[in-house]
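*Asks:* Using this note's numbering, the letters of the sequence shown map in sequence onto residues -5 to 164.
Beta carbons are placed, not taken as given, at the ideal position from N, Cα and C, and that holds for glycine.
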Amino acid sequence: MFWYVVQTLSGRGKEMLGLLRARDTDHVIKESFVPRRELMRKQKGEWVKYSDTLFPGYVFVRTDAPGAVNEIAGKLPIFARVLGSEKGFTPLNDHEELFITRVAGPDTHMVKMSTGVIEGDTVTVLQGPLRGYEGFITKIDRHKRLAHLHMEMLGRLVTIKLGLEIIRKS
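Printed below as a string of structure tokens:
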């Protein structure tokens, strides 16, 4: 069983998730989710946590029948398709699947905030899902409490912004 990605319009992932689940009468979708991330922002002078979609416009589904999922998606009232190429539907590779399940968590599918320190030019993540992924961090925005990760996802190089609070810099 593999993980596939259903593309829809940006901002419509949650709606797409509900429609896919409702129309999957043959139960070809074993699991489906929209990965989210926890971030921080300043509101009225206070830092507060909030969450938003990690990959806007994408729903992740685990299935043995991507063609059947694509058929369901094609009958929905909003744009949707299973990602692939001329050769067929493209599942997530092992590294992508490991990243999504490890970082977002297998149950919550939420990438929590991480905490770390900067020593010279080196970032060390002390706790949180980014621990072990320091090598992928290309930029840190301490003001917005974000880490920019540059990695291959869905066959393309993408920059993913995840929550990282730097508690010390030396």
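1) What is the C-beta distance between residue 9 and residue 56, in whole angstroms, given that I count them as a contact (C-beta under 8 angstroms)?
2) Using beta-carbon positions only, say whether residue 32 and residue 147 come within less than 8 angstroms of one another.
3) Just to confirm, is the Cβ distance from residue 14 to residue 66 under 8 angstroms?
4) Is it right to say residue 102 is buried, meaning 16 or more other beta carbons lie within 10 angstroms of its own, or is it exposed?
5) Helix, strand or coil for residue 135, going by three-state DSSP, please let me know.
6) Exposed or buried, which one is residue 127 when buried takes at least 16 other CB atoms within 10 Å?
7) Taking the alpha carbon of residue 115 as the point to measure from, which residue in 134, 42, 78 has its own alpha carbon closest?
8) Under the assumption that residue 158 contacts residue 110 (Cβ atoms under 8 angstroms), give the Cβ distance between them as a whole number of angstroms.
9) Give me the Cα-Cα distance between residue 35 and residue 72, rounded to the nearest whole angstrom.
10) Classify residue 132 as buried or exposed, calling it buried when 16 or more other Cβ atoms lie within 10 Å of its own Cβ.
*Replies:* Let's see:
1) What you label residue 9 is simply residue 15 of the sequence shown in a count that begins at 1. What you label residue 56 is simply residue 62 of the sequence shown in a count that begins at 1. Rounded, the Cβ-Cβ distance is 20 angstroms, inconsistent with contact.
2) For the purposes of this step, residue 32 is identified with residue 38 of the sequence shown, where counting begins at 1. For the purposes of this step, residue 147 is identified with residue 153 of the sequence shown, where counting begins at 1. The answer is no: Cβ separation not under 8 angstroms.
3) Looking up residue 14 in the sequence shown gives position 20. Looking up residue 66 in the sequence shown gives position 72. Taking 8 angstroms as the cut-off, the Cβ atoms of residue 14 and residue 66 count as close.
4) Within the sequence shown, numbered from 1, the residue matching residue 102 stands at position 108. When all chains shown are included, residue 102 counts as exposed.
5) Here residue 135 is taken as the residue at index 141 of the sequence shown, counted from 1. Looking at residue 135 - three-state DSSP - the assignment turns out to be strand.
6) Sequence index remark: in the sequence shown, residue 127 carries index 133 (1-based). Under a 10 Å Cβ-count criterion, residue 127 is classified as buried, with 16 or more other Cβ atoms of the shown protein chains found around its own Cβ.
7) As a position in the sequence shown, residue 115 is number 121, starting the count at 1. For the residues 134, 42, 78, the minimum Cα distance to residue 115 belongs to 134.
8) Locating residue 158 in the sequence shown gives position 164, where the first residue counts as 1. Locating residue 110 in the sequence shown gives position 116, where the first residue counts as 1. Residue 158 to residue 110, Cβ: 6 angstroms. Contact.
9) As a working mapping, residue 35 is identified with position 41 in the sequence shown. As a working mapping, residue 72 is identified with position 78 in the sequence shown. Looking at the two C-alpha atoms, the distance is approximately 32 angstroms.
10) Your numbering for residue 132 matches position 138 in the sequence shown. So residue 132 ends up on the exposed side.
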